[in-house]
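Data block below; observations after.
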Amino acid sequence: MSVSHDNVGDIYKALGDTKSALTSYESSLKIAEELRKRNPDSADYARDLSVSYNKVGDIYKALGDTKKRPYEL
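In this note's numbering, the protein residues as written are 247 to 319.
The structure is reproduced here in structure tokens:
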């Protein structure tokens, strides 16, 4: 499910709609965090979580907000 939100975010990002992309990426991040918490030994969920953090970070960087930290998301 988190990957689906990432894919939607990728489409918004490609269309130049960074705010909608951020919304999708943040939804993905919340799901990925919960899945990782419930399955701490899953390498797949760890990877999905890291991808979500990167995508959210990329959007904040594109918006000029480089001070946002993962724990503030």
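Beta carbons: idealized from backbone N, C-alpha and C, even for Gly.
Straight-line gap, Asp-294 to Thr-312 (C-alpha atoms, nearest Å)
Their backbone Cα atoms lie some 22 Å apart in a straight line.
For a test of the three-state rule: what should DSSP assign to Gly-303, helix, strand or coil?
helix
Helix or strand or just coil, what does DSSP make of Lys-313?
Taken through DSSP and simplified to helix, strand or coil, Lys-313 comes out as coil.
Excluding five sequence neighbours on each side, which residues of the same chain lie with their C-beta closer than 6 Å to the C-beta of Tyr-291?
Leu-281, Arg-282 and Asn-285
Helix, strand or coil: how does DSSP classify Asn-285 here?
Here Asn-285 sits in coil by DSSP.
Looking at Glu-279: is its Cβ nearer than 8 Å to the Cβ of Val-302?
no
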